[in-house]
Amino acid sequence: MNKIKIAIVGIGNCASSLIQGIHYYDGKNPEDAIGLMHWDIGGYEPSDIEVVAAFDVDARKVGKTIDEAIFAKPNCTTVFQEDIPKYDAKVSMGHVLDGVAEHMSNYDDEYTFVVSDEDPVDVVEVLKESGAEILVNYLPVGSEKAARYYAQCALDAGVAYVNCMPVFIVSDDEWDVKFKAKGIPIVGDDIKAQIGATITHRTLASLFMDRGVKLDKTYQINTGGNTDFLNMLNRERLDSKKESKTEAVQSVLKERMDDRDIHIGPSDYVPWQNDNKLCFLRMEGRTFGDVPMNIELRLSVEDSPNSAGCVIDAVRCCKIGLERGIGGQLTSISSYTMKHPPIQYTDDEAFENVEKFISGDLER
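Last residue of the sequence shown: 1452 (my numbering), numbering continuous.
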């Protein structure tokens, strides 16, 4: 089969994990492939994805081939696939816009972005010349203008868009209309992890509801040491992130919790954690006889591979959408892999919908 040709904006830890994974699973068979939700989607295996273009603004990545850039600072995720073939494609200088928070300049270069002084490329032209079919957005949280800029570039270039960060594009009806008109599929917004803080919190919230336990109060506090957590020290960039994570939990409850009783969001940046993310979760409720109970949980995950395990399915489903001529929101894979999809389903419903979409029994 033909390769799925993708372009990536933001060659950080998440892109590194995704690209490592593409090559890690090459040559494996389904029985040996640990860590995948689907080995085959529409005839496409993980190694059928090919990165043909990339955009970044860091001087240590711009101009480098993709195989070099994914291991350049400030990337700090686990290297589980050292043997990456030499890429022809190089990282192009992207448009900064609001993609780099001002406070990032106060930290050592090893941990923060070093903005290149090269001129930005014509993104639409690069996308067209590369033959990319799908643009994957890995911009930092809070990059509202930049995310919309690249979404428009995808639209202008006629390529699909997978939005992995919390700027509400795919879940915005106006963008849906634009992509529908061009017959281009979109998946988003804000990637879930395979087993991360959000999916764990949702599952436990559903368990409380299904077992008749009244959930009174809950918090989810996360720490990490990658550039994502450093970037999020600027609380002004967190509105959409907090909304995305909070709605992901609220959506599985029969009754919405009062805003005062639910707190979900990043807490702090701990440099030595690198790409490891710690989630501290507490849930207080009442069981039979109005008797109180609580759960406290500590979850430790490597953040970026956890994300890539979902993106690798989102990309392949997006390719199916292209092949079937579907324009606009792909609601099944969005609800399965994203925190803030156009339609929120329970995780069981989302899984069933994706299976039906892959088999052709569900349009979107």
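Note that beta-carbon positions come from the ideal geometry of N, C-alpha and C, so glycine has one too.
For the segment 1343-1385, the continuous beta strand (DSSP E) assignments of 3+ residues that do not extend past its boundaries occur at 1350-1357 and 1364-1375, in sequence order. About 14 Å separates the beta carbon of Ile1274 from that of Ile1094, a gap too long to meet the 8 Å contact definition. A direct Cα-Cα distance of roughly 15 Å separates Asp1378 from Lys1305.
Counting of Cβ neighbours within 10 angstroms places Ile1099 among the buried residues, the total reaching 16 or more. One Cα belongs to Val1229, the other to His1191, and the distance between them is close to 14 Å. Secondary structure of Lys1178 (DSSP, three-state): strand. Taking 8 Å as the cut-off, the Cβ atoms of Ser1339 and Thr1311 do not count as close. Tyr1132 carries a strand assignment under DSSP once its states are collapsed to helix, strand and coil. By the CB criterion at 8 Å, Ala1189 and Asn1319 fall inside the cutoff. In this model, Tyr1237 and Ile1257 are separated by some 11 Å (Cα to Cα).
If you keep only unbroken alpha helix (DSSP H) runs of at least 4 residues inside the segment 1186-1255, you get 1211-1218 and 1232-1245.
Linking Asn1251 to Met1181 through their CA atoms gives a straight-line distance of about 20 Å. Within the same chain, and ignoring the five residues on either side of Gly1271 in sequence, the residues whose Cβ sits closer than 8 Å to its Cβ are Gly1413, Ile1414 and Gly1415. With fewer than 16 other CB atoms across the displayed protein chains lying within 10 angstroms of its CB, Thr1375 is exposed. Taking a 10 Å sphere around the C-beta of Glu1262, we find fewer than 16 other C-beta atoms and assign the residue as exposed. About 5 Å separates the beta carbons of Leu1369 and Gln1308, which is inside the 8 Å limit, making them a contact pair. Under the 8 Å Cβ criterion, the segment 1328-1344 does not count as touching the segment 1392-1406, having fewer than three qualifying pairs.
Setting aside the 5 residues that flank it on each side, Glu1138 is surrounded in the same chain by Lys1091 and Lys1093, each with a C-beta closer than 6 Å to its C-beta; the list follows chain order. Within the same chain, Cys1252, Ser1395, Cys1398, Val1399, Thr1425 and Met1426 come within 7 Å of Ile1279 by CB-CB distance, once the 5 residues on both sides are set aside. With a beta-carbon spacing of about 6 Å, His1428 and Pro1254 fall inside the 8 Å limit used to define contacts. Within the segment 1271-1312, the runs of beta strand (DSSP E) at least 3 residues long that lie entirely inside it are, in chain order, 1273-1275 and 1302-1312. If you draw a straight line from the Cα of Ala1281 to the Cα of Asp1171, it is about 25 Å long.
The criterion of a C-beta distance shorter than 8 Å is satisfied by Met1371 and Leu1292. Close CB contacts of Lys1268 within its chain, under the 6 Å cut and outside five residues either way in sequence, are with Gly1415 and Gly1416 (chain order). With contacts defined as CB atoms closer than 8 Å, Asn1101 and Asp1401 fail to qualify as a contacting pair. Taking C-beta atoms as the reference points, Gln1108 and Phe1168 count as a pair closer than 8 Å.
With a beta-carbon spacing of about 6 Å, Gly1130 and Arg1404 fall inside the 8 Å limit used to define contacts.
In this structure, Val1224 places its C-beta atom within 8 Å of the C-beta atom of Ile1096.
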